[in-house]
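Each residue of the sequence shown is one higher than the one before, counting from 10 in the numbering used here.
Shown next, in structure tokens, is the structure this report addresses.
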Amino acid sequence: MNADSGSEKTEGGAEDATPLRRGWTTGTCATAAARAAADALFGGEFPDPVTVTLPGGQAPAFALAVTERGEGTDGSPGEPWAMAGIIKDAGDDPDVTHGALVRARVWRGAPCSGVTFRAGPGVGTVTLPGLPLPVGEPAINPVPRRMIAQAVGEAAGAAGQPADLVVEVGVENGEQLAKRTMNGRLGILGGLSILGTTGIVVPYSCAAWIASIQRGVDVARAAGLPHVAACTGDLSEKAVVARYGLPEQALLDMGDFVGGTLKYLRRHPIPRLTLCGGFAKFGKLARGLMDLHSKRHAVDFDWLADRLADLGAGPELVAQARGANTAAQVLGMADAAGLPLADHVAELARRAAQEVLEDAPVAVEVLVTDRQGRIVGEAHSPNSWPNSWPSPR
């Protein structure tokens, strides 16, 4: 999804008729673990399997992977606690947390304190403003918090006890797994986030990715950053950093979701936006397409050939472009002929992006990279690139 490479001319292979298997979010797993631990804390057995209720009313059951009882917590040396763990099953989604052990440890809190949360090993802590949680809080998102509070509250009610509980959530190897996520860029340090809105992981859903982009915009706005770069992958991101030296919080891992990125920036503008991506992907944006994934839209070689004709290419070169196998081949043909095709595509992509942004106060530039990550084309908003910002080098 992040690759900055040209797409092949055809999309091979028949569609698999087997439906993809859905999975469970870290929030759901933490909820199930917390419910089992709370039941055990109140003098019962660890329920195995343990059943929880999701926001949509579904009631899945989960097998317990680990259980433990003990005494002694921070500030309460003799306080009894119970812990349970669930192995996360993300279904057929390529989730970094698939197979991870999600633990919840529960103990009694101060009277009238309600349910409070702690970050256990492998769960991060919020360190930057702009996220839906205050700075200093464990990175357990609002919906999972509500799910966990409801689950342990039900356990307390069944035992006739007040729901004044501390819930500590951890993920085995979470600090290492977090290095493969955008948490560090968002200022979530020390581990993973406990996520989920429905409790269910839909395979290859764009919702989680777009939510991460939105949180990145929120963090950048809260930090007062005047310039962000939305990139399709690692190569394009490195190109932007090499040119502008932007801080990590200014970098948005857009992937293929340019439409979702632009729509959010339309409502939550940042003064300066750089879009940076591969020639093949931004050829799609230049056509007005807002999902750049190769499975959604193939490279249109007739369109690229027509753009060469716009630049004065002769019939022979235009015909060669129509018969090309990759976008990179067409770019090479244009370069050999001295035709600024990448600049032309960048300008058309900039106009398409501006149409989505409408009248939002966002100055847009587009940088087009080749397969080696070199900037080969660019376009800038006319008369809207403030002199106080660094000029493109």
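Glycine residues also receive a C-beta, built at the ideal position from the N, C-alpha and C atoms.
On a predicted model such as this, the values are computed, not experimentally measured, just so you know.
Taking only the alpha-carbon atoms, compute the straight-line gap between glycine 264 and threonine 335 and give it to the nearest angstrom. So the alpha carbons of these two residues sit roughly 20 Å apart.
Nearest by alpha-carbon distance to valine 115: which of Thr76, Thr106, Ser303 is it? Here the closest residue by C-alpha is Thr76.
Alpha carbon to alpha carbon, how far is lysine 272 from leucine 63? Give it in angstroms, no decimals. 29 Å
Would you report the Cα separation of alanine 333 and arginine 316, rounded to the nearest angstrom? 14 Å
Is the beta carbon of alanine 113 less than 8 Å from the beta carbon of alanine 70? no
Best match in Leu350, Ala45, Cys240 for proximity to alanine 160 [C-alpha to C-alpha]: Of Leu350, Ala45, Cys240, the residue nearest in Cα terms is Ala45.
Identify every run of the alpha helix (DSSP H) within the segment 76-129, keeping only runs that are complete inside it and at least 4 residues long; order them along the chain. none
Mind checking which residues open and close the alpha helix (DSSP H) that includes alanine 46? 35-50
If you scan the segment 358-389 from start to end, which runs of the alpha helix (DSSP H) of 4 or more residues do you find wholly inside it? none
Closest Cα partner of threonine 35 within the set Gly269, Pro280, Leu50, Pro151: Pro151
Roughly how many angstroms lie between the CA atoms of lysine 304 and tryptophan 33, to the nearest whole one? 25 Å
Using 8 Å as the threshold, is the C-beta distance between proline 423 and leucine 320 below it? There is no way to answer for residue 423, as the model of the chain reaches only from 10 to 402.
Here's the rule: buried if 16 or more other CB atoms are within 10 angstroms of the residue's CB, otherwise exposed. What is cysteine 240? Under a 10 Å Cβ-count criterion, cysteine 240 is classified as buried, with 16 or more other Cβ atoms of the shown protein chains found around its own Cβ.
Should valine 339 go down as buried or exposed, given a rule of 16 or more other Cβ atoms within 10 Å for buried? Label assigned to valine 339: buried.
Out of Gly66, Ser202, Gly269, point me to the one whose CA is closest to glutamate 181's CA. Ser202
Given 8 Å as the limit, is there contact between the segment 345-359 and the segment 283-291, that is, 3 or more CB pairs closer than that? yes
Grab me the residues of valine 211's own chain with a C-beta within less than 8 Å of its C-beta, minus the 5 sequence neighbours each way, in chain order. Arg31, Asp102
Host alpha helix (DSSP H) of arginine 155 (start-end): 151-167
Below 8 Å, how does it come out for the segment 80-93 and the segment 186-197: are there three or more Cβ pairs, yes or no? no
With the cut-off set at 8 Å, would you say valine 377 and glycine 386 are in Cβ contact? yes
Over the uninterrupted alpha helix (DSSP H) stretch that includes aspartate 265, give me the two end residues. Here aspartate 265 belongs to no alpha helix (DSSP H), and DSSP marks it neither H nor E.
Could you tell me if glutamine 363 is buried or exposed, where buried requires 16 or more neighbouring beta carbons within 10 angstroms of its beta carbon? buried
With distances taken from CA atoms, which of Cys121, Arg155, Ala91, Ala187 is nearest glycine 133? Ala187
State buried or exposed for valine 105, treating a residue as buried only when at least 16 other CB atoms are found within 10 Å of its CB. Burial call: exposed.
With a threshold of 16 other CB atoms inside 10 Å of the CB of proline 147, please say whether the residue is buried or exposed. buried
Go through the segment 240-302 residue by residue and report every complete run of the beta strand (DSSP E) that reaches 3 residues or more, in order. 260-262, 281-287
Simplified DSSP assignment, three categories, for phenylalanine 310: helix
Would you please state the rounded distance, in angstroms, between the beta carbons of phenylalanine 110 and alanine 74? I believe it to be under 8 Å. Here the sequence assigns leucine to residue 110, which means phenylalanine is not the residue at that position. 6 Å between Cβ atoms; contact.
Classify leucine 29 as helix, strand or coil using the three-state DSSP reduction. In the three-state reduction of the DSSP assignment, leucine 29 falls in the coil class, being assigned neither a helical nor a strand state.
Test item: CB-CB of phenylalanine 51 and alanine 168 under 8 Å: In this structure, phenylalanine 51 sits near alanine 168, with a CB-CB distance shorter than 8 Å.
Using the Cα positions of alanine 47 and alanine 164, report the straight-line distance between them to the nearest angstrom. 6 Å
Extent of the continuous beta strand (DSSP E) to which glutamate 146 belongs: No beta strand (DSSP E) holds glutamate 146; DSSP gives it neither H nor E.
Please report how far the alpha carbon of alanine 216 lies from the alpha carbon of glycine 66, in whole angstroms. When rounded, the distance between both Cα atoms is 20 Å.
Quick check on the burial criterion: 16 or more other C-beta atoms within 10 angstroms. Buried or exposed for valine 144? exposed
Under 8 Å between C-beta atoms of glycine 100 and leucine 29: Closer than 8 Å, so yes.
From what residue to what residue does the beta strand (DSSP E) around glycine 208 run? Segment: none, glycine 208 is in no beta strand (DSSP E) and carries neither H nor E.
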